[in-house]
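First up is the structure itself, then whatever we jot down about it.
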């Protein structure tokens with residue numbers, strides 16, 4: 022199993038490099054990209070099998086013992102995030118074989134995509150705060166490249182906003198790492214978790230944590246730091262928007278959950294209300310943005326923000342059920358959100374636009390698309406029995422049990438507004454008669470299949486989670502148990518017997 | 049798998065199958081499916097009436113403590129029979145009503161799924177399971193109301209129905225979760241068994257109110273009643289099935305289901321009784337303002353639902369009996385009348401009650417069905433409606449101090465129902481025939497079968513009340529009260545006060561009927577009803593929410609990068625200073641100016657650089673000044689013993705200035721600062737605040753003694769373990785090589801992205 026530990030880094034790294042070598046040969050790049058995605062999925066599945074019942078795989082890179090070298094840790098949380106990343110990689114690789122594939126690949130889509138996956142996977146498996154920063158940087162630069170792939174003026178403009186705001190956030194991250202290193206003298210997360218409660222100046226630690234929260238929060242697109250997201254996402258090409266929507270903000274959420282359960286669990290009295298307020302504000306402001314807009318891509322972008330709020334409830338409350346709810350929410354959301362962006366692409370192909378005013382008649386013209394849209398759209402709104410309902414139920418029950426009735430009320434009301442904006446898309450794009458204007462020529466059969474296959478698969482997963490919730494709920498609870506078991510994490514990483522990749526250093 | 053669980057799977061599977069056969073066949077398939085399910089449930093009648101309660105495991109999520117499970121007691125069985133029985137007739141009817149319509153098949157599939165969801169909702173013994181099916185019925189209602197989705201009004205009505213019932217669903221979910229937490233189980237029978245714990249919970253009352261709110265929204269109780277008449281945008285079979293016979297009764301079902309839990313709570317009774325009465329009165333009043341027969345029926349449905357809620361509220365045994373009997377009666381006559389109005393609409397092209405009349409000669413069969421159903425509605429003997437109305441008055445008489453109000457208002461409500469029944473039968477079918485858009489005639493038998501059968505059932509039930517009492521009413525009443533009770537239904541109660549009230553009701557009803565043509569326009573002119581009704585409130589709330597959303601979004605996502613960056617820095621400053629203020633921890637290292645190292649004077653260059661950057665009038669100068677800051681920092685590195693870092697920094701700073709300057713020359717970036725003075729001041733404030741915040745945290749960190757064990761370990765192990773004398777290099781390429789790999793990737797990706805960008809710029813844009 023130790024050999025597998027580095028695979029989530031090596032596979033996307035190798036794929037990115039290999040694809041880059043085949044510059045100019047789009048078909049070969051696509052094949053390499055697809056193969057890399059499949060291998061990543063397989064690796065993640067193997068890792069999850071090892072840790073699904075709890076436990077951790079720990080490796081010290083280069084054989085240097087913790088906390089001196091860099092530690093990689095895969096627990097149930099990391100493994101499930103890797104798995105979902107694998108699923109997304111395969112789905113998007115498949116979708117990206119459809120329309121516009123050639124132009125995209127000639128612009129370097131495949132190497133950039135797998136570089137992004139490298140950053141994402143690195144963030145999930147690392148057990149070191151500075152190393153996490155490095156993966157954030159990899160993600161940032163790769164995502165910038167992907168964002169401006171088509172080099173339209175809108176993309177350049179959106180890309181500039183994206184990169185400026187994220188650079189500031191990443192700089193804050195680096196500053197926070199420096200401050201925390203100054204306080205604790207270590208960067209290893211387990212070591213930090215061990216030392217954090219004993220640091221004399223808890224006020225300074227909380228302030229450094231706050232700076233870290235700003236950095237992670239900017240990445241996760243929480244209120245009031247989310248401006249970069251609606252400014253950029255709607256300009257991206259569809260597969261890029263899908264992978265962004267699925268993974269980028271979630272890495273921020275992952276980092277918050279990981280670091281706060283390890284470093285700041287002892288200070289929940291201070292950070293709990295802060296995170297709770299941020300969560301509620303993010304839910305509300307995000308969904309209001311979605312209610313205000315009339316463009317499919319923009320509506321979906323604001324929904325990402327709104328849903329991030331739900332994912333922060335767990336770490337605000339720090340109870341097993343609430344954290345499990347957040348984890349379940351992340352899983353559900355990644356699948357649903359990526360699918361909705363892919364569907365937005367399909368809607369534009371069938372209907373000719375992203376703007377609701379120019380869409381219509383799709384329920385008559387493309388009923389299959391309608392059904393496929395309904396699954397993730399209603400799931401996003403939390404309607405039973407789809408995955409979103411169980412996610413919401415866990416978050417709400419967790420909030421009520423922890424006495425956070427305000428959070429529960431906000432979660433419920435935001436759900437209603439989410440439903441409203443999904444129905445808005447449905448009413449306008451599907452039910453309303455098609456407005457005057459020429460229908461687009463139907464895409465070729467092969468393209469259609471390639472773009473519908475991931476949509477069908479992801480809708481199937483959403484349905485499966487909804488109808489067969491037990492294993493997913495159980496896994497979320499295992500993850501929550503692992504996250505709340507700080508001592509176990511510390512012991513696994515810092516124990517003298519912790520396993521090494523290379524030989525043990527004297 | 050147990051039968052009652054299998055029934056749901058068969059329902060879902062059968063509905064899905066309908067999607068793959070021709071529409072005409074699908075209607076038959078649906079009718080057959082519903083009829084066989086009805087037969088299946090009917091087969092349980094005997095056992096359930098003797099006290100058996102079949103149960104089955106179904107759809108649990110043990111990880112979340114959701115047990116799942118189905119249970120078929122008297123109440124569930126009564127609803128299941130109504131759902132499947134009326135369902136069969138509606139399928140038959142719809143196939144003919146919408147024959148040749150391209151939307152028919154989708155409508156039938158959705159009807160089938162709706163029927164299955166209803167069956168799930170009424171047989172669920174788990175609150176979460178009940179909620180799942182509950183929401184599914186709302187969703188089905190959305191799609192069915194929007195069947196005619198080309199029309200904006202239908203889309204609007206569908207959205208309204210979904211938002212109102214969906215909003216109620218949210219309240220219900222919150223309430224159910226609260227009850228589940230208090231009871232320690234999501235099982236409904238478990239909750240009832242744990243009633244003392246549920247009622248003792250601190251949040252018991254809010255939980256109960258939330259459950260009631262959910263039920264009220266679904267069952268169109270005041271003030272949520274407005275969505276139901278608008279839902280009449282649906283085709284008539286849908287209206288008859290969802291918005292009269294079944295779905296809207298789900299709220300009533302929920303209240304009946306939870307009655308054993310709450311029957312000891314005074315607020316429960318008061319609220320249900322008065323809200324039910326208000327709803328019944330509102331429905332009766334509004335019914336007399338309409339001439340569109342479908343909307344008339346919708347309002348009388350509201351009255352019926354209000355009556356049911358009121359009867360559950362009046363708690364004692366008699367009112368539960370009255371509620372169940374009325375439920376049965378209402379389902380029979382109201383569905384029949386809806387279907388009749390649909391037939392009239394279909395065959396004449398109009399459903400305006402004021403314009404239609406004398407149709408009896410042209411459509412005799414329809415007239416008979418309408419007459420039978422209307423007599424039951426008016427509560428005339430020997431129909432079961434009479435039995436129900438007698439019980440209704442009896443229950444109200446026994447309601448204690450409130451009985452006077454209940455009787456008087458109930459009397460008026462019932463009289464208006466008599467009048468409406470007259471309009472729907474006598475006026476519509478007797479008298480001189482009037483011209484209609486299409487030539488009227490009796491419809492295809494598939495359409496008339498439903499109303500005739502339902503009307504006859506009303507007559508049959510009235511003529512053998514004892515059988516109905518034993519087989520259907522008693523088991524349901526037992527479930528509502530949570531204990532066995534003696535139920536006797538009879539047509540003839542002897543000469544007593546109740547009979548006198550009945551007679552007076554009919555009398556007043558006849559008077560109202562005769563004056564109908566004058567009453568309707570009179571009430572129409574009362575505009576206050578429209579102006580202050582909750583429908584207007586809904587419109588305002590929706591419009592207000594959208595406008596709030598637009599204003600909020602405009603404020604937050606304003607589109608100016610400058611503002612976004614300011615927000616980011618301001619938020620950071622506030623977060624840091626706020627934390628230090630709340631948590632304390634501000635500290636600074638001891639510092640003696642006398643012992644200042646002269647090398648630190650390099651810092652002065654930083655200050656100069658910063659000031660120059662801030663004060664520079666052109667961007668180019670600012671870039672150069674920033675370079676000065678970088679050089680000063682490098683100088684510090686050099687002076688304090690890190691020459692390799694310093695050289696790197698020198699190189700980076702030099703390149704940065706050169707590249708930025710070049711970019712400024714090439715790119716169309718405004719090179720002059722044209723911010724307004726106020727804007728500049730605000731920016732300065734944000735910048736100074738953010739700088740001060742970081743400085744404050746930094747000072748506090750510096751005041752903490754540093755733990756140098758990492759550096760010491762690297763120093764000690766660099767040569768012996770990693771075979772390198774330059775510790776920094778060893779850290780970069782060995783101890784923390786993974787970081788370096790990542791940074792190399794960053795550079796490679798950046799180079800790659802730039803090359804890709806430039807390459808595409810040269811080959812031209814494909815998009």
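Residue numbers (this note's numbering), protein chains in the order written: chain C, 22 to 527; chain H, 49 to 815.
Think of the CB as a built atom: it goes at the ideal place given N, C-alpha and C, for glycine as much as any other residue.
Given the structure is predicted, the values throughout are model-derived calculations rather than measurements.
Per DSSP, reduced to three states, the secondary structure at residue 328 of chain C is helical. At least one beta carbon of chain H lies nearer than 7 Å to the beta carbon of residue 248 of chain C. No Cβ-Cβ contact shorter than 7 Å links residue 153 of chain H with residue 222 of chain H.
For residue 334 of chain H, the enclosing alpha helix (DSSP H) has its first and last residue at 314-335.
A direct Cα-to-Cα measurement between residue 83 of chain H and residue 196 of chain H gives close to 27 Å. Proximity of the stretch 231-247 of chain H to the stretch 271-284 of chain H falls short of the contact definition, fewer than three beta-carbon pairs being nearer than 8 Å. Residue 576 of chain H and residue 207 of chain H have their C-alpha atoms roughly 25 Å apart. When the alpha-carbon of residue 60 of chain C is set against those of C:74, C:85, C:34, C:49, the nearest one is in C:34. Cβ contact annotation for residue 170 of chain C (same chain, cutoff 7 Å, sequence separation greater than five): 125, 128, 130, 258, 261, in chain order.
As computed with DSSP, residue 78 of chain C is found in a beta bridge with C:95. The three-state secondary structure of residue 536 of chain H, taken from DSSP, is coil. Here DSSP, grouped into helix, strand and coil, assigns residue 703 of chain H to helix.
Here residue 707 of chain H is exposed: its Cβ has fewer than 16 other Cβ atoms, across all protein chains shown, within 10 Å. For residue 784 of chain H, the closest Cβ of chain C is nearer than 7 Å. The residues 446, in chain order, have a CB closer than 7 Å to that of residue 364 of chain H in the same chain once the five nearest residues on each side in sequence are set aside.
For residue 193 of chain C, the neighbours in chain H by C-beta distance under 7 Å run, in chain order, 620. For residue 155 of chain C, at least one C-beta of chain H is nearer than 7 Å to its own C-beta.
Contact between the stretch 418-435 of chain H and the stretch 544-558 of chain H is established, with three or more Cβ pairs separated by less than 8 Å. According to the DSSP secondary-structure assignment, residue 209 of chain C is paired through a beta bridge with C:149. The beta-carbon distance between residue 252 of chain C and residue 362 of chain C, rounded to whole angstroms, is 17 Å. This is too long to meet the 8 Å contact definition. For the pair residue 116 of chain H and residue 122 of chain H, the CB atoms are not nearer than the 7 Å cut-off. By the rule that beta-carbons nearer than 7 Å mark a contact, residue 745 of chain H touches chain C. Contact fails between the stretch 769-786 of chain H and the stretch 225-240 of chain C, because fewer than three Cβ pairs, one in each stretch, are under 8 Å apart.
DSSP places residue 774 of chain H outside any alpha helix (DSSP H), giving it a letter other than H or E. Here residue 182 of chain H is buried. Its C-beta has 16 or more other C-beta atoms within 10 Å.
Contact annotation: in the stretch 757-788 of chain H, residues whose CB is within less than 9 Å of a CB in chain C are 757, 758, 759, 761, 762, 765, 768, 769, 770, 782, 783, 784, 785, 786, 787, 788. Closer than 8 Å at the C-beta level to chain H, one finds these residues of the stretch 181-205 of chain C: 181, 182, 185, 186, 189, 190, 193, 196, 200, 203, 204, 205. Contact check for residue 327 of chain H and residue 357 of chain H: beta-carbon distance about 7 Å, within the 8 Å limit, so the pair qualifies. Separation of residue 560 of chain H and residue 459 of chain H (C-alpha to C-alpha, rounded to the nearest whole angstrom) is 13 Å. For residue 237 of chain C, the enclosing alpha helix (DSSP H) begins and ends at 223-241. For the stretch 328-355 of chain C, residues whose beta-carbon sits nearer than 9 Å to a beta-carbon of chain H comprise 342, 345. By the Cβ neighbour-count rule, residue 316 of chain H is buried, with 16 or more other Cβ atoms within 10 Å of its own.
With a threshold of 7 Å between beta carbons, residue 483 of chain C makes no contact with chain H. Sixteen is the threshold: since fewer than 16 other Cβ atoms of the shown chains lie within 10 Å of the Cβ of residue 512 of chain H, the residue is exposed.
The C-alpha of residue 800 of chain H is placed about 17 Å away from the C-alpha of residue 156 of chain C. Here DSSP, grouped into helix, strand and coil, assigns residue 119 of chain H to strand.
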